[in-house]
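**Student:** Under the numbering used here, the letters of the sequence shown match residues 3 to 566, in that order.
All C-beta atoms in this analysis are idealised placements derived from N, C-alpha and C, irrespective of residue type, glycine included.
Please read through the structure below; I'll follow up with questions.
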Amino acid sequence: MDDDFDIPAAEDFQDDFPDENPALKVGEEKEIGNQGLKKKLIKEGQGWDTPDNGDEVEVHYTGTLMNGTQFDSSRDRGTPFKFKLGQGQVIKGWDLGIKTMKKGENAIFTIPAELAYGEAGSPPTIPPSATLQFDVELLSWSSVKDICKDGGIVKKVLTEGEKWENPKDLDEVLVNYEARLEDGSVVSQSEGVEFVVRDGYFCPALEKAVRTMKKKEKVLLTVKPQYGFGEKGRPASGQEAAVPPNATLLISLELLSWKIVTEVTPDKKVIKKILKEGEGYEKPNDGTVAKVKLIGKLQDGTVFLKTGHDAEEPFEFKTDNDEVIEGLDRAVMTMKKGEVALVTIEPEYAFGSSESQQELAVVPPGSTVYYEVELVSFVKDKESWDMDNGEKIVAAGRKKEEGNALFKAGKYARASKRYEKAAKFIEYDSPFSEEEKREAKTLKVSCNLNNAACKLKLKSYKEAEKLCTKVLEIESRNVKALYRRAQAYINLVDFDLAELDIKKALEIDPNNRDVKMEYKVLKEKVKEYNKKDAKFFGNIFAKMSKLDPLDASEAEPMNVDSTA
3 MDDDFDIPAA
13 EDFQDDFPDE
23 NPALKVGEEK
33 EIGNQGLKKK
43 LIKEGQGWDT
53 PDNGDEVEVH
63 YTGTLMNGTQ
73 FDSSRDRGTP
83 FKFKLGQGQV
93 IKGWDLGIKT
103 MKKGENAIFT
113 IPAELAYGEA
123 GSPPTIPPSA
133 TLQFDVELLS
143 WSSVKDICKD
153 GGIVKKVLTE
163 GEKWENPKDL
173 DEVLVNYEAR
183 LEDGSVVSQS
193 EGVEFVVRDG
203 YFCPALEKAV
213 RTMKKKEKVL
223 LTVKPQYGFG
233 EKGRPASGQE
243 AAVPPNATLL
253 ISLELLSWKI
263 VTEVTPDKKV
273 IKKILKEGEG
283 YEKPNDGTVA
293 KVKLIGKLQD
303 GTVFLKTGHD
313 AEEPFEFKTD
323 NDEVIEGLDR
333 AVMTMKKGEV
343 ALVTIEPEYA
353 FGSSESQQEL
363 AVVPPGSTVY
373 YEVELVSFVK
383 DKESWDMDNG
393 EKIVAAGRKK
403 EEGNALFKAG
413 KYARASKRYE
423 KAAKFIEYDS
433 PFSEEEKREA
443 KTLKVSCNLN
453 NAACKLKLKS
463 YKEAEKLCTK
473 VLEIESRNVK
483 ALYRRAQAYI
493 NLVDFDLAEL
503 DIKKALEIDP
513 NNRDVKMEYK
523 VLKEKVKEYN
533 KKDAKFFGNI
543 FAKMSKLDPL
553 DASEAEPMNV
563 DSTA
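Structure (structure tokens):
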């Protein structure tokens, strides 16, 4: 549009944008929003994306009055018109309408006076209160984002990236960048520099910007001093020029690629960095037979294990079966077929505090170890939805036995997982026959009770209480469930509920030695608790008694009834 027709943001300008982009067929006309703006589709655009507020759009247009009189045309001038969308640089009808367009789309907008030049019009070409029509073609747009919402880093997309993912905190990104001052002088540049996102590089703006970028995306950043080098600037160093105090930087940035880094365990002691992406979406589950290529190294680079390389068959193992160290086991279960990853494993998930003789070298006590792993192939353990009823019962029984073996070995967390999986196999038994239901019931009770015993060992008392309650919903007179729930209640300091369970257990089995012993434990706990209470309140009363008594002369005399 000519400058005559560009209107600045008015005081009464409101962000009354349409809630959605109306779906139109060629030749069809619909209203956008509820202020009388209409759109007629002349030519469909490409893809699904539409520009957003702040984006720099480029259009060709022809503007006419409703009687057909043309008052402006970029086509006649031969120069497309550019402006920032949603910033009040054009009439409101344009901001609302062009936001609904796709690249290459052509549409006619009928814009009422309230969304155009109002009652005053724009003499001499546009009369007062005039409804206008604009034939608009959206040629292109550049995405412009205020990354920190304070104007400190403005990102203009020069080349769109691939897919939809963005780098995360731990990821290692590979970038090209060039930083210039506003006068065009280069202060820093580098090709193929790699850094961890959360650690940043060069200035704070790079770390914040790459978090918003896609692979292969190229952008121009306008960086204010607070995200550059601030009030002090930066002195020259080596081949890099000085950055003056309070300097605004213009940074060209290209995100070439990145390596995804994830925390395999919640305590961050097993970290996986993907060196090569795998195929598809499937990952190993518990009991998967996995084939891998491995190279194990110490921190100083000493190789202690190499298997599956140099024409050697891949190493085969079963996941969650104590056949490899726990950290490696867990990491492999997060991988896809064909994935190559570097896994860093701290001692707690590796060889612990003991020395371990491996194939090529000794792993010293307390060593953090590093594995380069390639998941060549895997065959998953059969999932419950792939089993018939009989197979589910057999699988549940097998997992229960595995859990029992782990419990006896003192591996309570892993035993708990086995019992949980066993119970899940037979959780939904409605399609079972009566005989199968009886078998499933027995297994459910046994697995939940055993799992409760694991939770007690792991001091997960609330979980233990829930598991026992599940059993009691099936068998209300199950003494073991009452006994273990009482143990959980005692540790949760819920002595009244613990006593109720113990008394009920003794009603059912008066001679049960374990329950009687637990009753003694409960009574001792109650005594101990009462002593602590007494001591606590005794201390409070003692402190109160040491406070200075109110002076007798200041005290109010008690009124005495002489007739009493």
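Please report the distance separating the alpha-carbon of K423 from that of F434.
**Tutor:** One C-alpha to the other measures close to 18 Å.
**Student:** Given this structure, state the Cα-to-Cα distance separating K42 from L141, to the nearest angstrom.
**Tutor:** For K42 and L141, the distance between alpha carbons rounds to 17 Å.
**Student:** Can you look up T565 in the DSSP assignment and give me helix, strand or coil?
**Tutor:** Low confidence applies here, because T565 scores a pLDDT of 33, under 50, leaving its location unreliable; read the following figure in that light. Looking at T565 - three-state DSSP - the assignment turns out to be coil, as it is neither helix nor strand.
**Student:** From the DSSP output, which residues share a beta bridge with G298?
**Tutor:** DSSP output for G298 lists L307 and Y373 as bridge partner(s).
**Student:** Check L499 in the structure and name its three-state DSSP category.
**Tutor:** L499: helix per DSSP, three-state reduction.
**Student:** From V371 to R487, what distance separates their C-alpha atoms?
**Tutor:** If you take the alpha carbons of V371 and R487, they lie about 41 Å apart.
**Student:** Less than 8 Å between the CB atoms is what I'm expecting for S144 and D57, so what's the real figure, rounded?
**Tutor:** 6 Å between Cβ atoms; contact.
**Student:** Can you grab the Cα-Cα spacing for the pair G249 / E174, in whole Å?
**Tutor:** Inspection of the sequence shows that residue 249 is occupied by Ala rather than by Gly. Going by the C-alpha atoms only, they are around 28 Å apart.
**Student:** On a CA-only basis, which of T224, L172 and L39 is nearest G153? Give me that one, please.
**Tutor:** Closest by alpha carbon: T224.
**Student:** Strictly by DSSP, which residues pair up with N178?
**Tutor:** According to DSSP, which records beta bridges pairwise, N178 is partnered with E256.
**Student:** Give the list of continuous alpha helix (DSSP H) stretches no shorter than 4 residues that lie fully inside the segment 54–107.
**Tutor:** Qualifying alpha helix (DSSP H) stretches, in chain order: 76–79 and 94–100.
**Student:** Is L445 closer than 8 Å to K482 when the C-beta atoms are compared?
**Tutor:** Not closer than 8 Å, so no.
**Student:** For S145, report the span of its beta strand (DSSP E) as first-last.
**Tutor:** Run containing S145: none; DSSP gives neither H nor E here.
**Student:** Output the distance between the C-alpha atoms of S478 and K472, rounded to the nearest integer angstrom.
**Tutor:** About 10 Å.
**Student:** Look up I347 in the DSSP assignment and give the residues it is bridged to.
**Tutor:** V272 and V371.
**Student:** Could you tell me if A313 is buried or exposed, where buried requires 16 or more neighbouring beta carbons within 10 angstroms of its beta carbon?
**Tutor:** The residue is exposed, with fewer than 16 neighbouring Cβ atoms inside 10 Å.
**Student:** For the alpha helix (DSSP H) containing T444, list its first residue and its last residue.
**Tutor:** Segment E436 to K459, the alpha helix (DSSP H) holding T444.
**Student:** Excluding the 5 residues preceding and the 5 following D6 in the sequence, name in chain order all residues of the same chain whose CB lies nearer than 6 Å to its CB.
**Tutor:** Only weak support exists for where D6 lies, its pLDDT of 40 falling under 50; the coordinates are left without a value.
**Student:** Compare the C-alpha of L362 against each of E167, K505 and V305 and name the closest.
**Tutor:** Per the Cα distances, V305.
**Student:** How would you label Q489, buried or exposed, when you count the other beta carbons within 10 angstroms and need 16 or more for buried?
**Tutor:** By the 10 Å Cβ count, Q489 comes out buried.
**Student:** Measure the beta-carbon distance from K320 to G289 and round it to whole angstroms, keeping in mind my assumption that it falls under 8 Å.
**Tutor:** Rounded, the Cβ-Cβ distance is 6 Å, consistent with contact.
**Student:** Given 8 Å as the limit, is there contact between the segment 371–388 and the segment 325–343, that is, 3 or more CB pairs closer than that?
**Tutor:** Output reads yes: the segment 325–343 touches the segment 371–388.
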